Amino acid sequence: MIEMLEIFDMNWVAQGIRLSVPLIFAALGGLLSERAGVINIALEGKMLFGAFAGVAVTWWTGTNVLGLVAALAVGAGIGWVHAWFSITVRADQIVSATAINLFALGVTAALIPAIWEGGRANTPGVERFRRFEVPVLADLPEIGTVFSRLGWFDYGALVLAPVVWVVLWRSPFGLRLRACGESPEAAASVGVNVIRTRYTAVMLAGVFAAMGGVYLSLVQNGLFQRGITNGRGFLALAAMIFGKWRPIPVLGACLLFGMADAYQLRAQSKSDLPVELFQALPYVVGLITLVFVGRAVAPAAIGRAYVKD
-9 MIEMLEIFDM
1 NWVAQGIRLS
11 VPLIFAALGG
21 LLSERAGVIN
31 IALEGKMLFG
41 AFAGVAVTWW
51 TGTNVLGLVA
61 ALAVGAGIGW
71 VHAWFSITVR
81 ADQIVSATAI
91 NLFALGVTAA
101 LIPAIWEGGR
111 ANTPGVERFR
121 RFEVPVLADL
131 PEIGTVFSRL
141 GWFDYGALVL
151 APVVWVVLWR
161 SPFGLRLRAC
171 GESPEAAASV
181 GVNVIRTRYT
191 AVMLAGVFAA
201 MGGVYLSLVQ
211 NGLFQRGITN
221 GRGFLALAAM
231 IFGKWRPIPV
241 LGACLLFGMA
251 DAYQLRAQSK
261 SDLPVELFQA
271 LPYVVGLITL
281 VFVGRAVAPA
291 AIGRAYVKD
């Protein structure tokens, strides 16, 4: 029992933050899309596409910065496809998003042996983005351990939540976006271009989710392997609902799931219980939080197609 409690130290906090970062990017992207009225359960697929594109272009060019740029471009492109099906074609938003998830899982798995011969389950290793120490902060007692283990992506994810809050609640664009998710007809009556706003939100969601995928492939692992997201897109979706479509609570939910994931990784070596029991912990925490969070009120027009008069 004492060994299990020893897990809760500053190294656990740092690891928990790092594990929450892909969830933060994806969940905030999903939040933008759903605040605009488009259901986005395609976060898993967009993360997969971003993770794969980042590694493939980094391997081809030898530069991880170009890999990052390519991944974000692919994320925007997949977001556009998702928006086209959901907004222009007015297809069922859940079905189209599920199709993207399945397509991403199959295509990325098939492209690995197609590009890198040999039927591998993963790509060769590529250059990763490195962490860095913040001067002064890394030297602080105890808490300096946390700062010394974080990097640009980690700080960027933590800052992104308040930035999204400011955009949504303190900017004209945010007001228009939220109006499209509550009453697109009313928004259109005062001059808001509902279709363009929704397209923008869904494409931004693709960029954010791709960033989460890039974190997994170019920051944590330095390669792409089949199913690298391992359900994190759905966990990000749970965090978004747990946070009731508000950026700061969504950030807190992602950190909670990240800490649970860090705990299970560290607890495996300190217990005789089956490893699978610990691996399920983040998802169990996600289910429990959704049960006890209470009624989460989604945007009023979410999932409802807008037909321009």
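Numbering (our numbering), first residue to last: -9 to 299.
Beta carbons are placed, not taken as given, at the ideal position from N, Cα and C, and that holds for glycine.
Note that the structure is a prediction, hence the values are computed from the model and not measured.
(message) Using only the alpha-carbon positions, how far apart do TYR253 and ALA199 sit?
(response) Going from the Cα of TYR253 to the Cα of ALA199 covers about 24 Å.
(request) Ignore the nearest five residues each way along the sequence and tell me which others in GLN337's own chain have a CB closer than 6 Å to its CB. (result) As shown, the chain starts at -9 and ends at 299. That puts residue 337 outside it, with no answer to give.
(message) On the criterion of 16 or more Cβ atoms from any shown chain inside 10 Å, does GLU24 qualify as buried, or is it exposed?
(response) Buried, because 16 or more other Cβ atoms sit within 10 Å of the Cβ of GLU24.
(message) For the alpha helix (DSSP H) containing LEU92, name the first residue and the last one.
(response) Per DSSP, LEU92 belongs to the alpha helix (DSSP H) from 83 to 105.
(message) Can you list, in chain order, the residues of its chain with a C-beta nearer than 7 Å to that of GLY348? Leave out the 5 residues immediately preceding and following it.
(response) Because residue 348 is not part of the residues shown, which for the chain are -9 to 299, the question remains open.
(message) In the DSSP assignment, the alpha helix (DSSP H) including GLY65 goes from what residue to what residue?
(response) GLY65 -> alpha helix (DSSP H) spans 54 to 73.
(request) Have a look at PRO103 and ASN112 and give me their C-alpha separation to the nearest angstrom. (result) Distance between the alpha carbons of PRO103 and ASN112 is about 9 Å.
(request) Could you tell me whether the Cβ atoms of VAL192 and ALA73 are closer together than 9 Å? (result) Taking 9 Å as the Cβ cut-off, VAL192 and ALA73 qualify as a contacting pair.
(request) Give me the Cβ distance between GLY217 and LEU95, rounded to the nearest whole Å; I'm assuming they're in contact under 8 Å. (result) Yes, they are in contact, since the Cβ atoms of GLY217 and LEU95 sit about 7 Å apart, within 8 Å.
(message) Taking 6 Å as the limit between beta carbons, can you name the residues of its chain near VAL136, skipping five residues before and five after?
(response) Taken in chain order, the residues that qualify are MET0, VAL3, ALA4.
(request) Decide if LEU209 is buried, meaning its Cβ has at least 16 other Cβ atoms within 10 Å, or exposed. (result) Reading off the sequence shown, one finds Val at residue 209, where the question assumed Leu. VAL209 is classed as buried because its beta carbon has at least 16 other beta carbons within 10 Å across all chains shown.
(request) Measure the alpha-carbon distance for GLY233 versus PRO272 and round it to whole angstroms. (result) Each residue's alpha carbon lies about 16 Å from the other.
(message) Which residues does DSSP list as the beta-bridge partners of ASN112?
(response) Residue pairing by DSSP puts ASN112 in a beta bridge opposite GLN215.
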